[in-house]
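These protein sequence lines map, in sequence, to chains F and L.
Heads up, the first sequence is in our numbering, so the first residue is 926 and it goes up one at a time.
Heads up, the second sequence is in our numbering, so the first residue is 5 and it goes up one at a time.
Reviewing the structure listed below.
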Amino acid sequence: MGAGHHHQLYLPGGSVVHRLPPQCKLLAIFAFAIVVVATPRERFWAFAAYAVLLGVVAAAARVPVTYVGRRMVIEVPFVLFAFLIPVIGLGERITVLGLSLSVPGLWAAWNILAKATLGVAASILLAATTEPRVILIGAQRLRLPSLLVQIAMFMLRYMDVIMEEMRRMRVARESRGFEARNFRHIPVIARSAGALFIRSYERGERVHLAMLSRGYSGRMPIIQDMSASAHQWATALALPAAALAVLGLTW
Amino acid sequence: MVNSLEVRQLAYAYPDGTQALFGVDLSIARGERVALLGPNGAGKTTLVMHLNGILTPGHGTVAVAGTPVRKDTLKEVRQRVGLVFQDPDDQLFMPTVRDDVAFGPANAGVRGEDLDRVVKNALDRVGMLEAIDRPPHHLSFGQRRRVAVATVLAMEPEILVLDEPSSNLDPAARRELAEILRSLDVTVLMVTHDLPYALELCERSLILSDGVIAADGPTRELLADAELLARHRLELPYGFAIPAV
């Protein structure tokens, strides 16, 4: 139960952003990402303006910049990939600091970096202001495929249970003198993973029985009514609307 | 008065051919608390799965408050039979205690303030109202079992069916659960091999052995009959003795 009382990405608070219904935030972030991706990569000013917009949202949500910064680490693999493109890219080349780089490669790298960074930052803001289970209620309200939403819900609920089971299996292995040290131990780990899969599958069956016993008929019942007012929709959609205006102005 | 539960000549074989029940007969009157005793493998869980139609009898009938368990009555029956599973992690599948307790009534169409009232009332009955907004996996095992009881109480069942309610509980949690069960005004069928717990909570007991009801009588009398218990692989824990009546 390492996650503590709240999910690690969530930053509890009562700001206007926290209080918006999840479906509004989800749609706003999605629309924002579309506008960002649709922006031609030559429009440097537009990207700067998008970053400022996210800064405004962060300030309104009282999410510290350092908090967002720390969680941006997840982007590092993409950044490394982006840095590789100019090196291995083809076409016209220029020399920067003694390194021969491809010009189309540089553009491609900038394109990936700028758009991914904005997208990741926007997602971090969403996660910091919305509890995971509430995000899923939003997804349910937006009529995302109900089966996918339910799968995500159960993943969220049973992650800790399965991690705990995994820990117990590791303790059982180690109590009998086993420690994974090199690749010859992979079969043992693989068998444990197989056993864990079967246990989880059986748990799934029991959970399904429990759901049937309480009248489940394929759809999750609506327990919390989280309908959004026109005002709340307008507040949330101000972000993509502003981004769209920036895109129009820099055309 | 109609019995809460009426099982007649119930027989069942699993799809692989293993016969688990060979003609079970039992009836439980409204308001009774009955223990279903039996060793592992006697068919207790199989019998329980028939009570709300998760398994369909190979032969015989099950009726809950006069309603026969059939495909077309499943919805109604499942609302009337409150099944509490052995592992609360199987029973509590929603992200918060509130959502979990609300799941059953919400499926039955209860909404808004009514739903809120039903949920709070059920949690209050098991003494877990203060945990309403917590995620189930942050509760202790005993608390989770109590919430599991609340999830079915919220459906206002005709009969509460508990599968090994005392398993994995520490002594205090065991006593607390017993107090809660005694305070509830519902019919209870408690499936267990914890004989002292059966004696503490249930006036009447049934022994299920090899797929049939082998004995049916006052718990005290059955448990005092050491020979009967031994015949069905049941025994009192070390140090316990119940004087013959």
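Positions of the beta carbon are idealized from the N, C-alpha and C atoms, including for glycine.
What you are looking at is a predicted structure, and each value in this text was computed from that prediction instead of being measured.
- Residue 97 (chain L) carries a coil assignment under DSSP once its states are collapsed to helix, strand and coil.
- For residue 948 (chain F), the closest C-alpha among the options F:1020, F:996, F:1052 and F:964 is that of F:1052.
- When the beta-carbon positions are compared, residue 240 (chain L) and residue 227 (chain L) come within less than 8 Å of each other.
- From the beta-carbon of residue 97 (chain L), the residues of chain F found nearer than 7 Å are 1079, 1082, 1132, 1135 and 1136.
- In this structure, the alpha-carbon of residue 958 (chain F) lies about 16 Å from that of residue 968 (chain F).
- Among the CB atoms of chain L, one or more fall inside 8 Å of the CB of residue 1086 (chain F).
- Excluding residues up to 5 positions away in sequence, 49, 52, 88, 89, 90 and 195 lie with their Cβ nearer than 7 Å to the Cβ of residue 167 (chain L) in the same chain.
- Under a criterion of Cβ atoms nearer than 9 Å, no residue of chain F is adjacent to residue 191 (chain L); the nearest Cβ is some 17 Å distant.
- With 16 or more other CB atoms across the displayed protein chains lying within 10 angstroms of its CB, residue 950 (chain F) is buried.
- Close partners of residue 159 (chain L) in chain F (Cβ separation under 7 Å): 1139.
- Under the 10 Å beta carbon count, residue 1054 (chain F) is surrounded by 16 or more other beta carbons and is classified as buried.
- For residue 53 (chain L), the three-state secondary structure derived from DSSP is helix.
- Contact of residue 1048 (chain F) with chain L by beta-carbon distance below 8 Å is absent, the smallest such distance being about 20 Å.
- In the DSSP assignment, residue 10 (chain L) forms a beta bridge with L:31 and L:67.
- Of the candidates L:139, L:175 and L:72, the residue whose Cα lies closest to the Cα of residue 200 (chain L) is L:175.
- Residues of the region 50-62 of chain L with a Cβ closer than 7 Å to any Cβ of chain F, in chain order: 56 and 58.
- The beta carbons of residue 953 (chain F) and residue 1155 (chain F) sit about 14 Å from each other, so the pair does not count as a contact at 8 Å.
- Residues of the region 133-144 of chain L that bring their beta carbon within less than 9 Å of a beta carbon in chain F comprise 138, 139, 140, 141 and 142, in sequence order.
- At a cut-off of 8 Å between C-beta atoms, residue 1148 (chain F) counts as an interface residue with respect to chain L.
- Taking a C-beta distance under 8 Å as the contact criterion, residue 33 (chain L) and residue 25 (chain L) do not qualify as a contact pair.
- The beta carbon of residue 71 (chain L) does not come within 8 Å of any beta carbon belonging to chain F, so the residue lies off that interface.
- In the three-state reduction of the DSSP assignment, residue 26 (chain L) falls in the strand class.
- Here residue 72 (chain L) is bridged, per DSSP, to L:67.
- Taking 8 Å as the upper bound for CB-CB distance, residue 170 (chain L) and residue 198 (chain L) are in contact here, some 5 Å apart.
- With fewer than 16 other Cβ atoms inside 10 Å of its own Cβ, residue 1174 (chain F) counts as exposed.
- In this structure, L:146 is the residue among L:183, L:119, L:187 and L:146 with its C-alpha nearest to the C-alpha of residue 177 (chain L).
- A buried status is given to residue 1145 (chain F), since no fewer than 16 other beta-carbon atoms sit within 10 Å of its beta-carbon.
- From the listed residues F:982, F:960 and F:1058, the smallest Cα separation to residue 934 (chain F) is found for F:1058.
- Where residue 959 (chain F) is concerned, the enclosing alpha helix (DSSP H) starts and stops at 947-963.
- When CB distances to chain F are screened at a threshold of 8 Å, the residues of the region 113-130 of chain L falling below it are 115, 116 and 119, in chain order.
- Rounded to whole angstroms, the separation of the alpha carbons of residue 165 (chain L) and residue 86 (chain L) is 6 Å.
- Excluding the 5 residues flanking it on each side, residue 964 (chain F) has same chain C-beta neighbours closer than 6 Å at 971 and 1172, in chain order.
- For residue 119 (chain L), the closest alpha carbon among the candidates F:1165, F:1150 and F:1140 is that of F:1150.
- Of all residues in the region 1108-1130 of chain F, those with a C-beta nearer than 8 Å to a C-beta of chain L are 1128, reading in chain order.
- In chain order, 197, 213, 236, 237 and 238 place their CB closer than 8 Å to the CB of residue 43 (chain L), counting only its own chain and leaving out the 5 sequence neighbours on each side.
- By the beta-carbon neighbour count (other beta carbons within 10 angstroms, threshold 16), residue 186 (chain L) is exposed.
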